[in-house]
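Just so you know, the working numbering puts 64 at position 69 of the sequence shown, and the rest follows in order with no gaps. Presented below is the structure to which this report refers.
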Amino acid sequence: QVRLVESGGGLVQPGASLRLSCVASGNMFGINTMGWYRQLSGQERDLVAEITNDAPKYADSVKGRFTVSRDNAENTVYLQMDSLKPEDTDVYYCNANGIQNWKRVTYWGQGTQVTVSS
């Protein structure tokens, strides 16, 4: 079992920056991908960015503005969000997934609110 705890959300003005952090604890063996999704209430959870074995992947809407990184020693994944826009307002969820005990597993954090508004 893996526990994910996010931090770093908040209210900022358009054009500002925020950095989200997600600390993982528990059995991380086999977890090769960590990343971030976002979801408005009642809608599907969409990929924002993820990193697999040091290879990042981004949604088109955040390319060039967001940067995902991972500190394997600290079991932490970060999302640096620059040039934030009102449409980036959402609840952001940390995700970790991989293969454990021959099964594909996915873990989620509790979510952190990001609000971009003037």
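Cβ coordinates follow ideal geometry from the N, Cα and C atoms, glycine included. None of these values were measured; they are calculated from a predicted model.
Item, Value
"Nearest to TYR87 (by Cα), restricted to the options ASN96, TYR73, TRP97 and GLY93", "TYR73"
"Touching by the beta-carbon criterion (3+ pairs, under 8 Å), the region 93 to 103 and the region 48 to 68", "no"
"Cα-Cα separation, MET29 to VAL0", "13 Å"
"Those runs of the beta strand (DSSP E) which lie wholly inside the region 20 to 53 and span at least 3 residues", "26 to 34, 41 to 47 and 50 to 53"
"Residue burial classification, ASN27 (beta-carbon count within 10 angstroms, cutoff 16)", "exposed"
"Identified DSSP bridge partners for VAL57", "Paired residues: none, contrary to the question."
"Boundaries (first-last residue) of the beta strand (DSSP E) holding ASP85", "85 to 95"
"LEU13, buried or exposed, once every other Cβ within 10 Å from all chains shown has been counted against 16", "buried"
"Exposure of GLY10, with buried meaning 16 or more beta-carbon neighbours within 10 Å", "exposed"
"Which residues DSSP lists as bridging PRO5, in chain order", "One detail in the question is off: residue 5 reads as Gly in this sequence, not Pro. GLY5 pairs with VAL109."
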